[in-house]
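Report on the following structure.
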Amino acid sequence: MTLVRALVKRAVQTVGCNDALGEKLVIAVNEACMNVIQHAYQGNSTGDIVLEIHHAGSQLRFKLVDFAAPIDLEKVKSRDLEDIRPGGLGVHFISEIMDEFKIGHLDGGNGNYLEMKKSID
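First residue of the sequence shown: 133, per the numbering used here; consecutive thereafter.
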C-alpha cells in the first residue's frame, strides 16, 4: 500500500492539488484498495489491482480494477457511524471525500471496478 499512496500523492501534486485535498485523496484511494483486498480478494493481499489515474480539466478520476469473483453490490454501503467499532468506514470515507463513486462488475463476470471522481478546482 506504500507504493499506491506514494503514486497517488505524486499524481495529485503533479496536477496542483493543495496539500489538504491531496491527503484526503490519498486516504480515499488507500481505503478503496484496502476494501478490494478485504472484500473482493477475501483478505488475500496477493491479488492484482489495477489503478488508473486520469486528469481532465478540473476533474481527477481514479479507477480500481480487480480480477476477483464479482462482489455482492448490495452489500457495498457505509455502515452506521453510531456503530462504534474498528474498521468498516472505507465506503464512508470515500463518499465523504469524493464527489462521486461507482462500483460494478467487469464485463465477462470476472472482476470488479470502482471509479471515483473529484473536482480539484
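Even glycine gets a Cβ: it sits at the ideal position worked out from N, Cα and C.
Per DSSP, the continuous beta strand (DSSP E) segment holding Gly236 begins and ends at 232-237. Taking a cut-off of 8 Å for Cβ pairs, the region 170-188 and the region 229-236 do not touch, as fewer than three such pairs fall below it. Nearest to Ile252 by C-alpha distance, out of Gln174, Leu157, Gly241, Tyr173, is Leu157. In terms of Cβ geometry, Ala188 and Asn244 do not form a close pair [threshold 8 Å]. In the DSSP assignment, Glu206 falls outside any alpha helix (DSSP H), carrying neither H nor E. Listed in chain order, the non-local C-beta contacts of Gly236 below 6 Å within the same chain comprise Tyr245, local neighbours out to five positions each way being set aside.
Judged by DSSP in its simplified three-state form, Met166 adopts helix.
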